[in-house]
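**Student:**
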């Protein structure tokens, strides 16, 4: 009988107690579905992605959508004022969200967002990094791992040369970016555990 | 659900978004 939804992909963390489970789900899908569609549209523009088999495109997107969304929505976690902005536009303090049930995942999201923002990437760098994140997603359901690996290597090489060109005196940036991949994987695992434990009662 | 992605209907959204493009592709 949880009365709060602490994921910022909701319009607000407050749940109308008179709303049915189906209604709560429907409202969430209004924000969630367009965000996922945007990830798919982004994936389609990654050079080489559409050449993967359809099965592998779906598998990578299933495994990597959360990680891509974490990167895209990192700015919702504002480290300076310790707030999270929900998709409805309102900000909630870390303490308020903690009282509503947010736990370790929230802390880890702040940590990730702070480190990513600290790298000061421009739009092009962020976009290429996001492409690397998607093709680096879990490969357990992949049919042709060699093709995915080749695409990942190509994108990582492109990211390295872009970062080297733009930040000639900051070679650590590229390494720091690659180290974000395992961080994203553990955020994904934490999120999956919460999702599995989450139930909306009808 | 044993698969968190199924819990959100993620696969269905992804497939529709991917297929949409195929349908729109000119002959």
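Protein chains in written order, with this note's numbering: chain W, 1 to 202; chain C, 203 to 229.
Don't be surprised by glycine CBs; every beta carbon is placed ideally from N, CA and C.
Predicted model only: the values in this text are computed from it and were never measured.
#1: For residue 67(W), which residues in the same chain have their Cβ closer than 7 Å to its Cβ, ignoring the five residues on either side in sequence?
#2: What is the DSSP secondary structure of residue 19(W), counted as helix, strand or coil?
#3: Roughly how many angstroms lie between the CA atoms of residue 154(W) and residue 3(W), to the nearest whole one?
#4: Closer than 9 Å by beta-carbon distance: list the chain C residues that pair up with residue 45(W), in chain order.
#5: Any contact of the region 143 to 152 of chain W with the region 53 to 70 of chain W, i.e. 3+ C-beta pairs under 8 Å?
#6: Below 7 Å CB to CB, which residues in the same chain sit around residue 76(W) once its five sequence neighbours on both sides are set aside?
#7: So residue 93(W) is in the beta strand (DSSP E); what residue range does that whole segment cover?
#8: Quick check on residue 132(W): does DSSP put it in helix, strand or coil?
#9: Any beta-carbon of chain C closer than 8 Å to the one on residue 106(W)?
#10: Give the secondary structure of residue 193(W) by DSSP, where H, G and I count as helix, E and B as strand, and everything else as coil.
#11: Do the region 109 to 129 of chain W and the region 166 to 181 of chain W make contact, defined as three or more Cβ pairs closer than 8 Å?
#12: Classify residue 17(W) as buried or exposed, calling it buried when 16 or more other Cβ atoms lie within 10 Å of its own Cβ.
#13: Give the single residue among 43(W), 74(W), 70(W), 95(W) whose Cα lies nearest to the Cα of residue 61(W).
#14: Contact criterion: CB-CB distance below 8 Å. Does residue 33(W) meet it with respect to chain C?
#15: Quick one: does residue 213(C) have its CB under 8 Å from some CB of chain W?
#16: Please report the distance separating the alpha-carbon of residue 191(W) from that of residue 73(W).
#17: Would you kindly work out how many angstroms separate the C-alpha atoms of residue 225(C) and residue 93(W), rounded to a whole number?
#18: Looking at residue 124(W): is its Cβ nearer than 8 Å to the Cβ of residue 162(W)?
#19: Near residue 141(W), which residues of its chain fall below 6 Å by C-beta distance, leaving aside the five closest residues on each side in sequence?
**Tutor:** Let's see:
#1: Excluding residues within five positions, the ones whose Cβ falls inside 7 Å are 133, 137, 184, 188.
#2: coil
#3: 46 Å
#4: Residues of chain C passing the Cβ test: none, with the nearest at roughly 11 Å.
#5: yes
#6: Counting only residues of its own chain and dropping the five nearest sequence neighbours on each side, residue 76(W) has a CB closer than 7 Å to the CB of 8, 84, 85.
#7: 91 to 93
#8: helix
#9: Answer no: the Cβ-Cβ gap between residue 106(W) and chain C never drops below 8 Å.
#10: DSSP places residue 193(W) in helix when its eight states are reduced to three.
#11: yes
#12: Classification of residue 17(W): exposed, given that the 10 Å Cβ count is below 16.
#13: 43(W)
#14: yes
#15: By this cut-off, residue 213(C) is an interface position.
#16: 15 Å
#17: Its pLDDT being 49, under 50, residue 225(C) is placed unreliably in this model, and the coordinates cannot settle the point.
#18: Taking 8 Å as the Cβ cut-off, residue 124(W) and residue 162(W) qualify as a contacting pair.
#19: 59
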